[in-house]
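So the sequence lines, in the order shown, correspond to chains A and B. Sequential numbering from 1 applies to the first sequence in UniProt numbering. Sequential numbering from 1 applies to the second sequence in UniProt numbering. By construction, the Cβ of each residue, glycine as well, lies at the ideal position given by its N, Cα and C atoms. Before any comments, here is the structure.
Number of protein chains: 2
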Amino acid sequence: MVAVPDQGGRPTLEDVAAYAGVSRSTASRALNEEIYVSPRAREAVLAAARDLGYSPNQAARSLVTKRTGAVALVLSEPESMVLDDPYYLIVMRAAFRALAKLGSQMLVMFVDNRDDIPRTMKFLDGGHVDGVLVFAPHIGDPLATALRLLRVPVVFAGSSITNGKGLYTVDYDNKSGACQAVEYLLSQGRRRIVTVGGPQDQRSARDRLAGWEATLKSARIDPTGMAEVADFTLHGGEMAMRRLLERVPDLDAVFAACDPMAAGALRALKSAGRRVPDDVAVVGFDDNPRLAPTLEPPLTTVHQDPAEQVGEMIRMLLQLLAGEEPAVQRLVLPVSLTTRQSA
Amino acid sequence: MVAVPDQGGRPTLEDVAAYAGVSRSTASRALNEEIYVSPRAREAVLAAARDLGYSPNQAARSLVTKRTGAVALVLSEPESMVLDDPYYLIVMRAAFRALAKLGSQMLVMFVDNRDDIPRTMKFLDGGHVDGVLVFAPHIGDPLATALRLLRVPVVFAGSSITNGKGLYTVDYDNKSGACQAVEYLLSQGRRRIVTVGGPQDQRSARDRLAGWEATLKSARIDPTGMAEVADFTLHGGEMAMRRLLERVPDLDAVFAACDPMAAGALRALKSAGRRVPDDVAVVGFDDNPRLAPTLEPPLTTVHQDPAEQVGEMIRMLLQLLAGEEPAVQRLVLPVSLTTRQSA
DNA sequence: CACACGTCTGGGAGCGCTCCCAGAATGCCG
DNA sequence: CGGCATTCTGGGAGCGCTCCCAGACGTGTG
Chain A
1 MVAVPDQGGR
11 PTLEDVAAYA
21 GVSRSTASRA
31 LNEEIYVSPR
41 AREAVLAAAR
51 DLGYSPNQAA
61 RSLVTKRTGA
71 VALVLSEPES
81 MVLDDPYYLI
91 VMRAAFRALA
101 KLGSQMLVMF
111 VDNRDDIPRT
121 MKFLDGGHVD
131 GVLVFAPHIG
141 DPLATALRLL
151 RVPVVFAGSS
161 ITNGKGLYTV
171 DYDNKSGACQ
181 AVEYLLSQGR
191 RRIVTVGGPQ
201 DQRSARDRLA
211 GWEATLKSAR
221 IDPTGMAEVA
231 DFTLHGGEMA
241 MRRLLERVPD
251 LDAVFAACDP
261 MAAGALRALK
271 SAGRRVPDDV
281 AVVGFDDNPR
291 LAPTLEPPLT
301 TVHQDPAEQV
311 GEMIRMLLQL
321 LAGEEPAVQR
331 LVLPVSLTTR
341 QSA
Chain B
1 MVAVPDQGGR
11 PTLEDVAAYA
21 GVSRSTASRA
31 LNEEIYVSPR
41 AREAVLAAAR
51 DLGYSPNQAA
61 RSLVTKRTGA
71 VALVLSEPES
81 MVLDDPYYLI
91 VMRAAFRALA
101 KLGSQMLVMF
111 VDNRDDIPRT
121 MKFLDGGHVD
131 GVLVFAPHIG
141 DPLATALRLL
151 RVPVVFAGSS
161 ITNGKGLYTV
171 DYDNKSGACQ
181 AVEYLLSQGR
191 RRIVTVGGPQ
201 DQRSARDRLA
211 GWEATLKSAR
221 IDPTGMAEVA
231 DFTLHGGEMA
241 MRRLLERVPD
251 LDAVFAACDP
261 MAAGALRALK
271 SAGRRVPDDV
281 AVVGFDDNPR
291 LAPTLEPPLT
301 TVHQDPAEQV
311 GEMIRMLLQL
321 LAGEEPAVQR
331 LVLPVSLTTR
341 QSA
């Protein structure tokens, strides 16, 4: 905590009341838009507040209302991964906007590693925030387990945390998205459909891989040896694609578990002399607005919107804060395929 | 503001004191690591706090100390620009870490457009934060002007805001960086040195362009027609490079005002059949750790570290909060060239 | 005209903490 | 053993706000 210089006596509610010639109670009522205030008094108070440049002291208010007006957004991801992708930036902005609309502030907390956990927990449990939104995509993230013990409501993104009730999550239907992608490829007559999967310590990556495999199997196609796993980056995707080209030279389609990896696959295919979509069809996952439409050719990909996800998380948190029980504890949002030129 | 369920009586300082068999004052002293507490009492209080799961009420503390323990990080940039670049993500993480070390929280606020300004101002002036860190790179940003009226200390990144005292900024020496880049190219025997400049509504872009121009002139080289301006993106850089290749076919070096644009230039040069660095030397600006070393060939670029900048901003804010006058109001950090293979 | 009822107002209490101050306990000196 | 500094302790006040309650109005009803 840092020192603070004298703020030169900013006006209090009492000052406003005195200036307006009413009592503190009436001033409070006027400012909080309550009923049972005469128009005359209300006007006077509002004018006084304006004249004096009054703004209420949040600490004093919190002290009695037991609300902080702040929600924490916790991002648990090693630094290196966060920087490759504007994903969290989209999430942050969406969360900020949605919370601002509710008059709440967004408190961002990063958790890089185990050492950060105690401090984070202590803070979150210290009554500084009304609720917590968590992005902890990695299966078995110790933070996620710890967060379950919190006294404030918590809503998780994704579904890496599985057991236990009183656990609230919002996730996209990753498996269904993968199924749709593969089914689309099948419907186009593709049969040698390989995949570039994501890191298997993440639920979403696993689900996408499972969706791909299940759909192939139900079409009586053997998926053995048709999958490579990479790290959700462009470079990783490119490398994985090269390995696939070597192992499955006659492949005619790729399902990549995220758009950056699809971009990498595209690059590998291009340098191998394969034409997209003529020789090989490519489908991605994310529909990243900065990436998918700008690729060459524009990418067919499974559409999802992080902003929507955050919105649903906040809606759920709001219900918990109001003491209501959300209709579903584990919300799964539908996804659909956006077709462009790559497949 | 959102509703909050009953928190089921979390323990207060009074509870801890009673449990430990001491007074509220002693408990407070023990918890705040003050002097004049007997070891016996301290132990008892600490144990009690642990047993009860006590954590102090921040609102109550703020009310008397006049400190919130929070610092706002304000990012004024239209949404579209933020997403291309992990720059702000680096800034946020660095700020978060530096503030966490001081026991302060980071409150992130995004400002997309004019409409956001009144709400932002109202909040910042409402005593919710102890100080404000601002990234508002665009010259004439109305937010920057408004922020000057705040009652809490403000430190700006960059130097787009120029007039007025009581104005605190931390910037990199953009002009010097550009000079170093161009001088290096000159020392390598390059003479036809073009530049891909950044958006000229940003001080940093202007300064880099000015540095390039001044250095050429002092080497008695006419810069006329040797500059193109783009939007700090890879794609913009590629387009600008193409225009330059058309207009200045005999160019032998490029100074790009940021790394993504240098990457774009590299791409344009490659597709034009120019070899780097044999035919054309390329120098960037930023030394983006995710980009510069991974390009083909690895990029020679002007090194700067956003984390260092944020660190200095926080240091300056700390001085202001302590009521001290910082040694310099407008801190300019030195930059230096990192040479790799592209030049 | 008494009474009830809805509208409006002000004062008091209290949220949980830190700070100040008076005083108790302790140590150490001559 | 008295005196004095030093260490430690507890109680009171008060930060600025919201909420509760008692009471002062006004208006309508029997």
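Query	Result
Interface partners of TYR88 of chain B on chain A, CB under 8 Å	LEU89
Three-pair Cβ contact test at 8 Å for the stretch 272-287 of chain A versus the stretch 180-200 of chain A	yes
Whole-angstrom distance between HIS128 of chain A and ALA27 of chain B, CA atom to CA atom	21 Å
Residues bridged to GLY197 of chain A (per DSSP)	A:VAL229
Alpha carbon of PHE96 of chain B to alpha carbon of MET106 of chain B, nearest angstrom	6 Å
Within chain B, the residues that SER62 of chain A reaches when beta carbons sit closer than 9 Å	ASN57, GLN58, ALA59, ALA60, SER62 and LEU63
Those residues which DSSP pairs with HIS138 of chain B across a bridge	B:GLN202
Assigned exposure category for ASN288 of chain B - 16 Cβ within 10 Å defines buried	buried
8 Å CB neighbourhood of HIS235 of chain B in its chain, flanking five on each side removed	GLY264
Contact set between the stretch 151-167 of chain A and chain B, restricted to residues whose Cβ is under 9 Å from the partner	ARG151, VAL152 and PRO153
Beta-carbon contacts of THR300 of chain A that lie in its chain and below 6 Å, excluding the five residues immediately before and after	VAL283, THR339, ARG340, SER342 and ALA343
Sequence-distant residues of the same chain with beta carbon closer than 8 Å to MET1 of chain A, five excluded per side	In this prediction, MET1 of chain A scores a pLDDT of 32, lower than 50, which makes its location untrustworthy; the coordinate-derived value is nonetheless stated afterwards. Cβ within range, chain order: n/a, list empty.
Chain A contact residues for MET92 of chain B, given Cβ-Cβ distances below 7 Å	VAL108
Short CB-CB distance (under 8 Å) between ARG119 of chain A and chain B	yes
Nearest-angstrom beta carbon gap, MET121 of chain B and ALA146 of chain B [assumed within contact, 8 Å]	5 Å
Start-to-end residues for the alpha helix (DSSP H) that takes in LEU89 of chain A	87-101
Where HIS128 of chain B meets chain A, residues with beta-carbon distance less than 8 Å	GLN58 and GLN105
Beta carbon proximity, LYS101 of chain A to chain B, threshold 8 Å	no
Where PHE96 of chain B meets chain A, residues with beta-carbon distance less than 9 Å	VAL108, MET109 and PHE110
Cβ neighbour criterion (16 or more within 10 Å) applied to LEU13 of chain A	buried
Within chain A, partners of ASP125 of chain B - CB distance below 7 Å	SER55
Short Cβ contact (8 Å threshold) for VAL45 of chain B with LEU133 of chain B	no
Nearest-angstrom Cα separation, counted from VAL74 of chain A out to ASN57 of chain B	21 Å
Contact set between LYS122 of chain A and chain B, taken where Cβ atoms lie within less than 9 Å	SER55
Secondary structure of VAL170 of chain B, DSSP reduced to three states	strand
Supposed contact pair LEU89 of chain B and LEU89 of chain A - C-beta distance, whole angstroms, cut 8 Å	6 Å
Identity of the residues DSSP links to VAL276 of chain B by a beta bridge	Beta-bridge pairing links VAL276 of chain B to no other residue.
Residue nearest to PRO298 of chain A in terms of C-alpha spacing, selected from A:PRO260, A:ASP250 and A:ARG315	A:PRO260
Nearest candidate by alpha-carbon position, reference GLY237 of chain B, set B:PRO223, B:CYS258, B:ALA219 and B:ILE221	B:CYS258
Cβ shell of ARG274 of chain B (< 7 Å), same chain only, five flanking positions each side left out	VAL280
Host alpha helix (DSSP H) of GLN309 of chain B (start-end)	306-321
Within 8 Å, strictly: CB atoms of PHE110 of chain B and GLY177 of chain B	no
7 Å Cβ cut-off: residues of chain B touching ARG315 of chain A	In chain order: nothing, as chain B lies at least about 11 Å away.
First through last residue of the beta strand (DSSP E) which encompasses SER76 of chain A	70-76
Residues near LEU318 of chain B in its chain [Cβ-Cβ closer than 8 Å; skip 5 each side]	LEU102
Minimum C-alpha distance to VAL152 of chain A - residue among A:GLY166, A:ALA219, A:SER159 and A:ILE139	A:GLY166
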